[in-house]
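Asks: Dumping the structure here so I can ask a few things about it.
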Amino acid sequence: MDTLKEKNVKEPAKPSLLVYLKVIFLTTIILFGVIVLNNLAKRQNQDQTNSGESGVANLFTGKNIKEALDNEVRTNDAYKTASSELNKTTANVLGEATRIKDQALEQGKEFVTDYVYEQTVGSMVENMINRLPERQRDKVLKNVCAQ
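Once you know that position 93 of the sequence shown is 366 in this note's numbering, the rest is easy, because the numbers rise by one and skip nothing.
Written out as structure tokens, the structure is:
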């Protein structure tokens, strides 16, 4: 009986290497986007400073900066590519995490079912068989083992 318990006990599911790689890739994409946006803002700021216009104060209003950044981001192919890859990676990571969760729940359910059986029905049947006379016990065990 103890060897059956040891065989049925499984280690909890650990995330695969692919999940870690996806998380690292997702983080890299986000950092890349932040760096690209920062460089674009710096470049635009330098271009406006070097233009030498007298109305520079009017150019740096919050609304104008936001509009310029929005226009730059919307027209930038690198942003569009990074955004689509980010969405794909996020969906893959979410799918992988859901699969691991489902696997862990299934394994937990099997373990609990086996444990409850061993503690209730299994021990009751074992006690009943042990209380039988030797001759009847041998017959019952022979019949059970034959099936």
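For glycine and all other residues, C-beta sits at the position ideal for the given N, C-alpha and C. All figures in this text were calculated on a predicted structure; none of them were measured in a lab.
#1: Whole angstroms are fine: how far does the CA of Asn-349 sit from the CA of Ala-355?
#2: Given a cut-off of 8 Å on the beta-carbon distance, is the pair Tyr-352 and Gly-306 in contact?
#3: So the candidates are Leu-310, Ile-303, Phe-298; which of them puts its Cα closest to the Cα of Arg-347?
#4: Here's a check: name, in chain order, each residue in its chain whose Cβ is nearer than 6 Å to the Cβ of Glu-407, leaving out the five neighbours to either side.
#5: Quick check: what's the CA-CA separation for Ile-302 versus Val-296?
#6: Indicate whether Ala-314 and Gln-376 have their beta-carbon atoms separated by less than 8 Å.
#7: Report the option in Arg-410, Glu-340, Asn-344, Arg-372 whose CA atom is closest to the CA atom of Leu-291.
#8: So, is Thr-362 buried or exposed, given that buried needs 16 or more other C-beta atoms within 10 angstroms?
#9: Can you give me the start and stop residues for the alpha helix (DSSP H) that Gln-376 sits inside?
#10: For the alpha helix (DSSP H) containing Lys-415, list its first residue and its last residue.
Replies: According to the data block:
#1: The count along the sequence shown starts at 1 and reaches residue 355 at position 82. The count along the sequence shown starts at 1 and reaches residue 349 at position 76. Each residue's alpha carbon lies about 10 Å from the other.
#2: Start at 1 with the first residue of the sequence shown, and residue 352 comes out as number 79. Start at 1 with the first residue of the sequence shown, and residue 306 comes out as number 33. Against a cut-off of 8 Å, the Cβ pair of Gly-306 and Tyr-352 comes out as a contact.
#3: Here residue 347 refers to the residue found at position 74 when the sequence shown is read from its first residue. That would be Leu-310, whose Cα lies nearest to the Cα of Arg-347.
#4: One-based indexing of the sequence shown puts residue 407 at position 134. Here the set comprises nothing.
#5: Looking up residue 302 in the sequence shown gives position 29. Looking up residue 296 in the sequence shown gives position 23. Each residue's alpha carbon lies about 10 Å from the other.
#6: Here the question's residue 314 lines up with position 41 in the sequence shown. Here the question's residue 376 lines up with position 103 in the sequence shown. Against a cut-off of 8 Å, the Cβ pair of Gln-376 and Ala-314 comes out as no contact.
#7: Here residue 291 corresponds to residue number 18 of the sequence shown, with the count starting at 1. Closest by alpha carbon: Arg-372.
#8: Residue mapping note: residue 362 aligns to position 89 of the sequence shown, counting from 1. With 16 or more other Cβ atoms within 10 Å, it is buried.
#9: For the purposes of this step, residue 376 is identified with residue 103 of the sequence shown, where counting begins at 1. 350-390 is the span of the alpha helix (DSSP H), which, as asked, contains Gln-376.
#10: As a working note, residue 415 is residue 142 in the sequence shown. Counting along the chain, the alpha helix (DSSP H) containing Lys-415 begins and ends at 407-419.
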